[in-house]
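**Student:** Pasting in a structure now, in structure tokens, and then I'll have a few things to ask.
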Amino acid sequence: MILDRIEHMDTYAHVHADLPKVLATLAAMDIAKLESGRYPVADSDAFILIQRYTSRNRAQSVWESHRKFIDVQYVVAGEELMGYQTIDALSVSKPYDAASDAALYTGEGLMVHAGAGTVALFFPQDGHMPGVAVSTGVPILKVVAKLPVS
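Next comes the structure, spelled out in structure tokens:
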């Protein structure tokens with residue numbers, strides 16, 4: 000997992016060949032004015048999901064991981080807690096499903112505060128629990144870029 004601010008993301012350009020393309024695409028977007036949904040990244044197999052939701056309590060949240068894509072989760076507006084734990088320290092509750100590129104887990108992990116401008120990169124070994132309310136549910140505007148795993 001990498002946790003930082005959007006203004007520092009160029010530091011991590013070496014992590015994945017498509018990350019600079021994703022960052023350039025985001026810089027050209029007026030995210031707040033775009034509808035929720037999937038957006039392509041030019042010259043790349045990466046794509047961007049714009050999501051709007053209300054953060055939820057911890058009991059309604061689940062740990063997840065992905066094998067085909069690295070998640071780049073960028074909180075544009077609002078604040079939430081994001082959970083992190085390596086998948087080998089979690090218990091599988093739903094085995095990996097290739098169609099949804101997700102496995103689900105139970106367990107405990109680190110919860111980090113993610114306010115507007117926070118970016119977290121979650122790799123295949125990283126269990127993560129996004130969208131958890133800090134105290135009560137608030138509206139969240141988030142970008143989740145999906146970088147294909149080589």
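Under numbering that gives the first Met the number 0, the first residue of the sequence shown carries the number 0, and numbering increases by one thereafter. Where is the CB? At the ideal position from N, CA and C, for every residue including glycine.
1. Exposed or buried, which one is P129 when buried takes at least 16 other CB atoms within 10 Å?
2. Throw me the rounded Cβ distance for the T105 and L120 pair, which I believe falls under 8 Å.
3. Considering only the beta carbon of each residue, do P147 and A45 sit closer than 8 Å?
4. Name, in chain order, the residues that DSSP records as bridge partners for P39.
5. Rounded to a whole number of angstroms, what is the C-alpha to C-alpha distance between D96 and I86?
6. Which complete alpha helix (DSSP H) runs does the stretch 90-142 hold, if anything under 4 residues is left out?
**Tutor:** Taking the geometry as given:
1. buried
2. That pair is no contact at about 23 Å.
3. yes
4. F46
5. 15 Å
6. none
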